[in-house]
Each structure stands twice: as C-alpha cells, then as structure tokens.
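Just below is one structure, and these are the notes that go with it.
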Amino acid sequence: MTEKKPKSSGRISVRPTLKPRELMTDTPDLAGSWTAQLITLFPQAFPGVLGESLTGKALQDGLWQLQTYDLRAHGIGKHRNVDDTPAGGGAGMVLRADVLEKAITEARLAAKGAMPLVYLSPRGRRFDQAMARDWARHDGVTMLCGRFEGVDERVLAHFGIQEVSLGDFVLTGGEIAAQAMIDATVRLLPGVLGNAESAVEESFSTGLLEHPQYTKPAEWQRHAIPEVLLSGNHAKIAQWRKAQAEEITKARRPDLWQAYVEKDQ
Ligand code: SAH
C-alpha cells in the first residue's frame, strides 16, 4: 500500500489544564487519544517499531499515545530487585507480586476511561482481529509484559487480569507481543491508515483471507499480471478478487472457511 497522510492530520486537542507545562514534557497527556500503557522492565524498548511508518506518524500526530511504567522503579532495596526464585523450586525467576502491584496500581490510576488490563502470556487467549477491534473501541489498553518465568499468579486474580497470547510459541518477554498487538489495534483507529478502505477489505475483516495483490511491472520474469486486473472493469475485478479470496481461504484455513460459510446461512 502506498502510504498517504491521514485525512485529518491536525493534532488532537490537549486537555485544558492549570499546568500548561505538561505540554513541554516528552509525553503530554493528549485528551481523548487512545492510550497504550506498558508495564515493563524495558521501557526503552518502546515505541520500538511502532515509532516507524504509519503507527509512528499517528503517534507523532497524537492519534494515540504511549505510557511506559518501569517495573525497576518499584524494585526492592538497593538493587531494586523485581524477581525472586519460584516457590516450590525449579528453574528461573518469577516477577514479585508486591513489585507488580505497585506498577499496576500506578498505571491504573493514570488510566482514563475504559481500558482492558491484560498480561501477555503464552497461556492466554490467542490474540486476533476481533480482539484488536474491541481494544480499538476502548480508550486504550494496559499491558503487563512478563520476563523470566513470568509473574506471581496471585497478581492475575487480584487485579482481574486477562491473559492474552500472541501465538503458540514462547518468547523471552512480553514486549514484542505487546508491540504486535498495539500495531494491529492502532491501525484500526480513525485516521491512522491513509486509505480508510484498506482496513475494511483486508484479511480477517470480511471473514476471508485477502486476494492476491499485484503491481508494476505488468510482466516480470515472464509472469503476467492476471488480465482481469488490467481490464478496468470494476465489477469483474471485484468478482475475481472475491473468488480468489474464497479459494485461498478454503485451501489454507478450513476453520475460517467453515465460519464464513456458516455466517452466510
Ligand atoms: N514460563 C512461562 C513462559 C515465560 S516467557 C510459561 O511457560 O508459560 C517470559 C514472558 O514472555 C512471559 O511472562 C510473557 O509475558 C512473555 N511471553 C512469552 N510467550 C508469549 C506469547 N506467546 N504471547 C505473549 N507473551 C508471551
């Protein structure tokens, strides 16, 4: 996709406040803009790749904002310890409940509006497009990024934290998973994608995987672009794309295809 400027490129209004100096901090609190709160041992990992391209431009324009909460700042003692050995023995370290509590409380006190509280975890519900859409409709999301063997279980029940997984594999920390999920969510916010339609037609939004895409040159390595795409006949092109999307979904994702067929009945 060609990157275009969002239609409304105006900076979101800043909440009137008695402390105008807030504007001069690195992270002004932008009234009403969607907020990702990250509780992490590695705040410097953010915005990371989210600072690039469309999500980066949207961040700069104040269409969404990022707040990090450094777990280390709440660590215990001179060494600011955040973890300890697992009760009952075993390998690795576990993030302490009391340290997590302070960081989570700090984040929740700063949270505005309705923001789900989630822990990135391979044990969680698998993240998907429906979840991204749901989060995009909220005011933001508070994400707890684990490290080592994970977090003290008591914290999850105490705060009613929902566990969300990026997929059936194990990462060393929650930060990459958080960035992937934020990316998927932020691109659904109004004004973030240059071409509003591209979020409507793409994979998962219709229940189908996307049709193949082509661009110049018209002939490459003796492979031509399917003729119908060069015909200028928009109805025919739409028909071809739908048929392709159906065929690809049927072949690659029988689970999605089944759900699509049932939905249509
Ligand atoms: N011992 C844990 C894995 C810990 S991995 C277990 O077996 O379930 C360290 C951290 O990485 C986790 O606390 C979690 O925050 C993050 N993480 C690992 N895999 C993940 C995944 N698939 N999705 C989301 N977060 C993940």
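Under the numbering used here, the very last position in the sequence shown is 281; numbers go up by exactly one each time.
Here a beta-carbon is modelled for each residue, glycine too, at the ideal position from N, C-alpha and C.
Excluding sequence positions up to five before and after R88, its CB lies within less than 7 Å of the CB of L57, R96, V98, all in the same chain and listed in chain order. Within the same chain, Cβ atoms closer than 6 Å to the Cβ of L209 are found at R203, A215, the five residues on either side in sequence being excluded. Relative to I92, the option among A103, F62, R112 whose CA is nearest is R112. For D114, the uninterrupted alpha helix (DSSP H) segment begins and ends at 113-126. Excluding its 5 nearest sequence neighbours in each direction, K118 has C-beta neighbours in its own chain below 8 Å: H90, listed in chain order. The nearest non-hydrogen atom of the ligand SAH is less than 7 Å from the C-beta of R139.
Under the 10 Å beta carbon count, R163 is surrounded by 16 or more other beta carbons and is classified as buried.
Between L136 and A200, the alpha-carbon positions lie close to 15 Å from each other. DSSP, reduced to helix, strand and coil, places Q53 within a strand of the structure shown. DSSP places D86 inside the beta strand (DSSP E), whose first and last residues are 80-86. The DSSP assignment places complete alpha helix (DSSP H) segments of no fewer than 4 residues inside the stretch 149-202 at 169-175, 191-202, in order along the chain.
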